[in-house]
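**Student:** Numbering (our numbering), first residue to last: 359 to 545.
Ideal placement from N, C-alpha and C gives every residue a C-beta, glycine not left out.
Dropping the structure in here first, questions after.
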Ligand code: IMP
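See the structure below:
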């Protein structure tokens with residue numbers, strides 16, 4: 359099976375290839391711009407993105423969208439995570455969270471996969487808390503201010519450890535199950 363990974367980030371393609379190579383799935387990097395719908399629901403962004411890509415005739419592809427949802431901010435920055443990170447950044451989130459007692463937040467990653475016109479959508483989550491200050495140098499984005507256990511931030515743990523528990527790691531595990539079931543020969 360060959361799947362096109364629709365992204366501007368070549369790192370994602372390598373990560374998918376590493377996670378699915380043993381199933382005999384070949385990942386191909388394809389850059390196709392598509393409009394992301396305005397909605398607060400990650401799954402809807404992915405579903406609508408898949409519809410838009412399929413309308414161009416594309417088949418056998420993967421898209422994904424992630425975000426950090428802070429409970430006390432009613433899910434913000436959520437689907438706007440990339441924009442908020444680029445503009446106000448981690449300092450902006452820490453300022454919004456000053457004096458806020460409920461620090462709970464969840465990273466979510468939604469992956470949409472088209473297999474010959476069939477839709478598979480999975481969502482992986484990683485619950486945690488927003489720290490009081492940025493810590494660590496690993497990772498990217500909100501990693502320095504997010505902690506899965508209330509102690510170390512995502513930027514303070516090795517990537518391999520983060521992948522074991524992260525929203526993206528959990529979404530990939532769910533997609534593996536779905537694809538494995540489709541690749542298994544029927545008795
Ligand atoms: P994307 O959909 O994977 O590009 O993620 C959207 C935005 O969410 C990124 O630009 C980051 O700001 C944030 N984000 C997603 N996953 C992570 C993560 O694992 N750590 C930190 N920030 C993340």
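#1: Given a threshold of 16 other Cβ atoms within 10 Å of its Cβ, counted over all protein chains shown, does residue 368 qualify as buried or as exposed?
#2: Applying the 10 Å Cβ sphere with the 16-neighbour rule, what's the burial state of residue 389?
#3: On the CB-based measure, 16 or more other CB atoms within 10 Å of its CB, does residue 437 come out buried or exposed?
#4: Taking the Cβ atom as the reference point for each residue, do residue 506 and residue 486 lie within a distance shorter than 7 Å?
#5: Evaluate residue 400 with the Cβ neighbour count: other Cβ atoms within 10 Å of its Cβ, from every protein chain shown; 16 or more gives buried, anything less gives exposed.
#6: Could you give the uninterrupted runs of the beta strand (DSSP E) lying entirely in the segment 436 to 523, keeping only those of 3 residues or more?
#7: For residue 533 and residue 479, what's the separation of their Cα atoms in angstroms?
#8: Could you tell me if residue 526 is buried or exposed, where buried requires 16 or more neighbouring beta carbons within 10 angstroms of its beta carbon?
#9: Using only the alpha-carbon positions, how far apart do residue 417 and residue 360 sit?
#10: Among 492, 428, 539 and 376, which one has its Cα closest to the Cα of residue 458?
#11: For residue 474, collect the residues of the same chain with a Cβ closer than 8 Å to its Cβ; drop the 5 residues on either side in sequence, then sort them by chain order.
#12: Identify which residue in 540, 466, 500 and 472 has its Cα closest to the Cα of residue 398.
#13: Which of helix, strand or coil does DSSP assign to residue 388?
**Tutor:** The relevant details are as follows:
#1: The sequence position of residue 368 within the chain shown is 10, counting from 1. When all chains shown are included, residue 368 counts as exposed.
#2: Indexing the chain shown from 1 puts residue 389 at position 31. Exposed, by the Cβ-count rule.
#3: As a position in the chain shown, residue 437 is number 79, starting the count at 1. By the 10 Å Cβ count, residue 437 comes out buried.
#4: Position 148 of the chain shown holds residue 506. Position 128 of the chain shown holds residue 486. The answer is yes: Cβ separation under 7 Å.
#5: Residue 400 sits at position 42 when you count from the first residue of the chain shown. Residue 400 is buried by the Cβ-count criterion.
#6: The qualifying runs are 462 to 473 and 476 to 488.
#7: Mapped onto the chain shown, residue 533 falls at position 175. Mapped onto the chain shown, residue 479 falls at position 121. Cα atoms of residue 533 and residue 479: separation of roughly 8 Å, rounded to the nearest angstrom.
#8: Numbered from 1 along the chain shown, position 168 holds the residue referred to as residue 526. Buried, because 16 or more other Cβ atoms sit within 10 Å of the Cβ of residue 526.
#9: Start at 1 with the first residue of the chain shown, and residue 417 comes out as number 59. Start at 1 with the first residue of the chain shown, and residue 360 comes out as number 2. For residue 417 and residue 360, the distance between alpha carbons rounds to 10 Å.
#10: The residue given as residue 458 occupies position 100 in the chain shown. Cα-wise, what sits closest to residue 458 is 428.
#11: Looking up residue 474 in the chain shown gives position 116. The answer, listed in chain order, is 417 and 418.
#12: Start at 1 with the first residue of the chain shown, and residue 398 comes out as number 40. For the residues 540, 466, 500 and 472, the minimum Cα distance to residue 398 belongs to 466.
#13: Residue numbering aside, residue 388 sits at position 30 when the chain shown is read from its first letter. Residue 388: strand per DSSP, three-state reduction.
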